[in-house]
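J.: Protein chains in written order, with our numbering: chain A, 1 to 376; chain B, 1 to 479.
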């Protein structure tokens with residue numbers, strides 16, 4: 001049936017399969033150390049002449065049938081991140097692999113210097129997922145990962161899940177390798193990343209880092225993070241507590257929940273060719289908690305409250321944009337809208353980084369209270 | 001077996017008592033009775049003839065008879081006069097009583113052969129639907145089919161297979177529905193068989209199928225009457241082999257092995273769901289263990305984070321690489337299955353307990369296998385039993401081993417290569433010269449409604465294209 005030559009070929013193939021079976025890059029599960037979280041931070045050189053060193057800390061979750069050891073952390077102080085792998089593998093019996101990497105942490109000092117080359121390394125490695133999270137750490141990364149949190153046996157996983165959950169509630173942007181590189185390489189927008197820090201026996205969210213290029217330039221306070229979210233994207237789920245005190249309305253406080261927000265950015269051109277940008281935000285939501293003088297069961301008062309919330313959001317958004325312009329960080333992507341409003345050649349001849357701090361950006365907000373509870 | 005000339009002459013000679021006794025010399029079970037008053041000699045095999053009926057219908061009438069009565073008796077229609085030796089001898093072998101009277105010889109059939117009663121099929125049991133199934137006697141099987149198909153279009157060809165056993169083989173078809181090319185092809189293939197014995201339908205299949213060296217069965221057999229009839233009506237050809245409850249139907253596609261009669265006895269949505277379940281079971285049984293091996297050997301990236309640590313933990317107790325672990329457990333399951341199949345039900349339960357508890361639980365505790373592998377192997381073993389055709393499910397189980405080895409050598413690449421090789425092989429197969437992968441290759445989307453799903457009967461108005469039936473519409477009568 002099968003010609004002899006073909007048969008011989010098949011036989012050879014089969015023999016090759018058997019003989020070469022040991023030569024593949026076998027990665028047998030229990031002999032691997034899966035790097036779950038990798039942290040990078042700067043170690044200032046002691047002598048001023050030497051270049052700064054890099055401290056790499058990795059967290060490897062461990063499955064030990066008998067023991068109570070849930071994880072292993074390793075640290076190496078090296079000159080480049082590539083060296084780190086060699087240095088780290090000297091410290092373990094497992095072969096370290098990065099295919100299960102979930103999140104990367106960058107020390108604030110390193111982030112201020114620029115993390116472009118590290119990002120580049122991640123993107124280049126096909127084993128590393130596009131969904132790896134990028135986070136800035138306010139404080140010591142090694143300490144953050146090394147510390148024994150009594151209630152969180154695996155800090156890597158703890159951080160990863162906390163970031164996931166917070167991103168879902170829009171308290172921080174969900175920044176993966178994909179998102180970061182997309183914003184990093186795109187023309188009219190700058191990347192952002194969440195910031196975390198140690199807090200007692202826990203780890204906490206410490207705001208949002210704004211990047212300019214690959215450098216961390218400014219930080220947004222966690223209390224303002226929802227205003228940032230409203231400015232940056234449309235979303236369908238959010239919650240914020242608003243203190244109207246700052247606007248001078250007495251002791252009025254409210255919890256605005258189930259927020260659905262959409263924003264439109266409009267680019268106007270003045271007569272002399274100058275640009276001005278109008279950001280219109282529409283926020284709908286329900287009032288869960290209200291402490292104040294208004295009777296929000298009554299329509300008139302409710303509209304009054306809507307106006308006050310809008311005023312609060314507008315003034316804070318305006319402040320935030322001013323700060324961003326000051327730091328030359330176009331984190332909400334105004335540049336993309338400007339780019340879309342002009343021709344390619346015109347955009348190419350525009351130096352957006354120079355132009356951005358000087359254009360006029362105005363915010364306006366409309367707030368709709370969809371419901372406000374039963375007995376009020 | 002070439003016959004010598006003298007034997008050939010003998011075959012055409014008139015049968016005589018002396019020659020008959022010569023022929024059956026040394027057969028201890030041949031009986032020779034002589035009735036001297038009437039000059040009658042009877043020769044027959046004791047146990048092929050029902051003795052009560054023989055005494056009542058043959059022995060007593062002849063004992064009581066005088067010369068004229070004997071002639072009258074022998075003129076009755078059940079007494080058949082034989083003029084040549086060969087069919088005469090054959091008749092005795094088939095259980096007839098030979099009667100010699102005045103140089104003339106007659107045969108009379110006084111009893112039907114003994115047979116197992118018509119029972120429920122054990123290999124193809126179903127829950128709803130008819131429970132009768134074929135037994136070992138071709139004539140009974142024929143009667144079961146004829147009783148269901150009351151049509152003069154149901155034609156049958158009688159062939160004989162096996163130089164020694166002379167097994168009767170009936171080829172059945174509906175002459176207005178079956179394609180005569182298939183009938184002729186099948187008939188000529190059966191006629192060409194040169195073998196001393198055919199003992200079962202599944203054995204006959206291997207003499208007539210297109211690729212005897214393929215691992216896949218190309219022609220299905222069934223013990224169920226309703227399944228055989230439904231194929232007959234679909235324009236297929238049925239072959240009944242004497243001595244075997246397995247009835248052959250041809251041609252057939254790969255997918256036919258995944259359908260069961262009760263798909264049609266349930267509501268169509270349930271029928272569809274169970275049919276899809278079988279295809280999923282096929283994929284599970286072929287790939288699950290191989291997947292485990294390839295993932296634990298090469299592709300740690302594929303494992304979800306939450307499963308990773310449990311998997312690593314259970315693997316870390318096992319001293320062997322995944323391939324040996326998997327082969328060990330797969331071999332154990334095959335041992336259990338084979339042992340269970342041979343043993344009577346009462347001892348079979350012990351096997352279940354020994355297999356389930358001792359091997360399942362203890363192997364994990366002893367650190368011989370990981371418990372996730374136990375799940376993988378067990379679910380693929382269970383999935384293999386979902387496939388209704390026993391022959392197909394056995395073939396598929398064997399393929400699994402090839403895939404496991406490929407997966408251990410090249411990971412998912414090897415697994416994929418293996419699957420592709422199986423598909424290429426399948427695509428090259430034919431069943432009675434009809435493509436085995438119909439209706440995928442050649443593509444016939446219309447057929448899919450009775451292959452991958454079981455559509456409502458209102459949609460099933462045409463016979464499957466594979467039958468190449470001259471009469472494709474099933475509901476012609478009403479139009």
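Every residue, glycine too, gets a C-beta built ideally from N, C-alpha and C.
Using beta-carbon positions only, say whether residue 134 of chain B and residue 246 of chain B come within less than 9 Å of one another.
T.: Position 134 of the second chain, counting from 1, holds the residue named residue 134 of chain B. Position 246 of the second chain, counting from 1, holds the residue named residue 246 of chain B. Result yes, Cβ atoms of residue 134 of chain B and residue 246 of chain B sit closer than 9 Å.
J.: Leaving out five residues on either side along the sequence, give the residues of the same chain with a beta carbon under 7 Å from the beta carbon of residue 441 of chain B.
T.: The count along the second chain starts at 1 and reaches residue 441 of chain B at position 441. Closer than 7 Å at Cβ, skipping near neighbours: 427, 435.
J.: Pull up the CB-CB distance for residue 169 of chain B and residue 241 of chain B, whole angstroms please, since I reckon it's below 8 Å.
T.: Taking the first residue of the second chain as position 1, residue 169 of chain B is located at position 169. Taking the first residue of the second chain as position 1, residue 241 of chain B is located at position 241. Yes, residue 169 of chain B and residue 241 of chain B are in contact; Cβ-Cβ is about 5 Å, under 8 Å.
J.: How is residue 272 of chain B classed by DSSP in three states: helix, strand or coil?
T.: Position 272 of the second chain holds residue 272 of chain B. Looking at residue 272 of chain B - three-state DSSP - the assignment turns out to be helix.
J.: From A:361, A:107, A:128, pick the residue whose C-alpha is nearest to that of residue 270 of chain A; which is it?
T.: In the first chain, counting from the first residue as 1, residue 270 of chain A sits at position 270. Answer by Cα proximity: A:361.
J.: Below 8 Å CB to CB, which residues in the same chain sit around residue 4 of chain B once its five sequence neighbours on both sides are set aside?
T.: The residue you call residue 4 of chain B lines up with position 4 of the second chain. Annotation note: pLDDT 46 at residue 4 of chain B (below 50); position unreliable, coordinate value reported separately. Hits under 8 Å: none found.
J.: Between which two residues does the alpha helix (DSSP H) holding residue 52 of chain B run?
T.: What you label residue 52 of chain B is simply residue 52 of the second chain in a count that begins at 1. First-last of the alpha helix (DSSP H) with residue 52 of chain B: 51-54.
J.: Measuring only the C-alpha atoms, how far is residue 333 of chain B from residue 381 of chain B?
T.: Looking up residue 333 of chain B in the second chain gives position 333. Looking up residue 381 of chain B in the second chain gives position 381. Cα-Cα distance, rounded: 8 Å.
J.: What are the partner residues of residue 363 of chain A, as DSSP defines its beta bridges?
T.: Within the first chain, residue 363 of chain A is the residue found at index 363, counting from 1. According to DSSP, which records beta bridges pairwise, residue 363 of chain A is partnered with A:279.
J.: Return no unless some Cβ of chain A is closer than 9 Å to the Cβ of residue 313 of chain B.
T.: In the second chain, counting from the first residue as 1, residue 313 of chain B sits at position 313. For residue 313 of chain B, the answer is yes, since a Cβ of chain A falls inside 9 Å of its Cβ.
J.: Helix, strand or coil for residue 299 of chain A per DSSP?
T.: Against the first chain, residue 299 of chain A aligns to sequence position 299. It is helical.
J.: Quick check: residue 159 of chain A and residue 105 of chain A, are their CB atoms within less than 9 Å of each other?
T.: The count along the first chain starts at 1 and reaches residue 159 of chain A at position 159. The count along the first chain starts at 1 and reaches residue 105 of chain A at position 105. For residue 159 of chain A and residue 105 of chain A, yes; Cβs fall inside 9 Å.
J.: Please classify residue 5 of chain A: is it buried, with 16 or more other beta-carbons within 10 angstroms of its beta-carbon, or exposed?
T.: By 1-based counting over the first chain, the position of residue 5 of chain A is 5. It is exposed - the Cβ of residue 5 of chain A has fewer than 16 other Cβ atoms within 10 Å.
J.: What is the DSSP secondary structure of residue 165 of chain B, counted as helix, strand or coil?
T.: Walking along the second chain from the start, residue 165 of chain B turns up at place 165. In this structure, residue 165 of chain B counts as coil in the three-state DSSP scheme.
J.: Leaving aside the five residues before and after residue 166 of chain A along the sequence, list all residues of the same chain whose C-beta is less than 7 Å from its C-beta, in chain order.
T.: For the purposes of this step, residue 166 of chain A is taken as residue 166 along the first chain, with counting starting at 1. Hits under 7 Å: 172, 205.
J.: Would you say the region 266-273 of chain B touches the region 151-164 of chain B, given that touching needs at least three Cβ pairs under 8 Å?
T.: No, the region 266-273 of chain B is not in contact with the region 151-164 of chain B.
J.: Is it buried or exposed for residue 55 of chain A, if we count other Cβ within 10 angstroms and need 16 for buried?
T.: As a first step, residue 55 of chain A is located in the first chain; it is residue number 55 there, counting from the start. Residue 55 of chain A is buried by the Cβ-count criterion.
J.: With burial defined as no fewer than 16 other Cβ atoms inside 10 Å of the residue's Cβ, what is the status of residue 220 of chain A: buried or exposed?
T.: Counting from one through the first chain, the residue named residue 220 of chain A turns up at place 220. The residue is buried, with at least 16 neighbouring Cβ atoms inside 10 Å.
J.: With a threshold of 9 Å between beta carbons, is residue 300 of chain B in contact with chain A?
T.: For this step, residue 300 of chain B is matched to residue 300 along the second chain. So, interface residue.
J.: In whole angstroms, what separates the C-alpha of residue 168 of chain A from that of residue 135 of chain A?
T.: Taking the first residue of the first chain as position 1, residue 168 of chain A is located at position 168. Taking the first residue of the first chain as position 1, residue 135 of chain A is located at position 135. Residue 168 of chain A and residue 135 of chain A: Cα-Cα distance of roughly 16 Å.
J.: Can you name the residues that DSSP bridges to residue 152 of chain A?
T.: As a first step, residue 152 of chain A must be located in the first chain, where it is residue number 152. For residue 152 of chain A, which the question treats as bridged, DSSP gives the partners A:149.
J.: Would you report the Cα separation of residue 288 of chain A and residue 370 of chain A, rounded to the nearest angstrom?
T.: Taking the first chain and counting its residues from 1, one reaches residue 288 of chain A at position 288. Taking the first chain and counting its residues from 1, one reaches residue 370 of chain A at position 370. In a straight line, the C-alpha of residue 288 of chain A is about 11 Å away from that of residue 370 of chain A.
J.: Report the start-end ranges of each beta strand (DSSP E) in the region 241-288 of chain B that is 3 residues or longer and not cut off at the edges.
T.: Counting only runs of 3 or more, we get 247-250.
J.: Any beta carbon of chain B sitting closer than 9 Å to that of residue 389 of chain A?
T.: Residue 389 of chain A is absent from the model: chain A starts at 1 and stops at 376.
J.: With a threshold of 9 Å between beta-carbons, can residue 102 of chain A be considered close to chain B, or not?
T.: For the purposes of this step, residue 102 of chain A is identified with residue 102 of the first chain, where counting begins at 1. It does; some Cβ of chain B falls within 9 Å.
J.: Check whether the Cβ atoms of residue 337 of chain A and residue 188 of chain A lie closer than 9 Å to each other.
T.: Position 337 of the first chain, counted from the start, is the residue given in the question as residue 337 of chain A. Position 188 of the first chain, counted from the start, is the residue given in the question as residue 188 of chain A. In this structure, residue 188 of chain A lies closer than 9 Å to residue 337 of chain A by Cβ.
J.: Any beta carbon of chain B sitting closer than 9 Å to that of residue 260 of chain A?
T.: On the first chain, position 260 is the one that residue 260 of chain A refers to. No, residue 260 of chain A lies away from the interface with chain B (no Cβ there is under 9 Å from its Cβ).
J.: The beta strand (DSSP E) with residue 243 of chain A in it runs from where to where?
T.: The residue you call residue 243 of chain A lines up with position 243 of the first chain. 240-243 is the extent of the beta strand (DSSP E) around residue 243 of chain A.
J.: Would the beta-carbon of residue 48 of chain B fall within 9 Å of that of residue 41 of chain B?
T.: Here the question's residue 48 of chain B lines up with position 48 in the second chain. Here the question's residue 41 of chain B lines up with position 41 in the second chain. No. Outside cutoff.
J.: Does residue 64 of chain A get closer than 9 Å to chain B when you measure Cβ to Cβ?
T.: Within the first chain, numbered from 1, the residue matching residue 64 of chain A stands at position 64. True, the Cβ-Cβ gap to chain B drops below 9 Å.
J.: Starting from the N-terminal side, write out each stretch of the beta strand (DSSP E) that is 3 residues or longer and does not extend beyond the region 146-207 of chain A.
T.: The qualifying runs are 192-199.
J.: Tell me, which residues are paired with residue 218 of chain A by DSSP?
T.: In the first chain, the residue the question calls residue 218 of chain A occupies position 218. According to DSSP, residue 218 of chain A bridges with A:210.
J.: Throw me the rounded Cβ distance for the residue 292 of chain A and residue 250 of chain A pair, which I believe falls under 8 Å.
T.: Translated into positions along the first chain, residue 292 of chain A becomes position 292. Translated into positions along the first chain, residue 250 of chain A becomes position 250. Right, their Cβ atoms sit about 7 Å apart.
J.: Does residue 6 of chain A have its Cβ less than 9 Å from a Cβ in chain B?
T.: Indexing the first chain from 1 puts residue 6 of chain A at position 6. Answer no: the Cβ-Cβ gap between residue 6 of chain A and chain B never drops below 9 Å.
J.: Below 6 Å CB to CB, which residues in the same chain sit around residue 240 of chain A once its five sequence neighbours on both sides are set aside?
T.: For the purposes of this step, residue 240 of chain A is taken as residue 240 along the first chain, with counting starting at 1. Counting only Cβ-Cβ distances below 6 Å, and skipping sequence neighbours, we find 226, 256.
J.: Could you give the distance in angstroms between the alpha-carbon of residue 275 of chain A and the alpha-carbon of residue 180 of chain A?
T.: Taking the first chain and counting its residues from 1, the one referred to as residue 275 of chain A is at position 275. Taking the first chain and counting its residues from 1, the one referred to as residue 180 of chain A is at position 180. Rounded to whole angstroms, residue 275 of chain A to residue 180 of chain A spans 27 Å at the Cα level.
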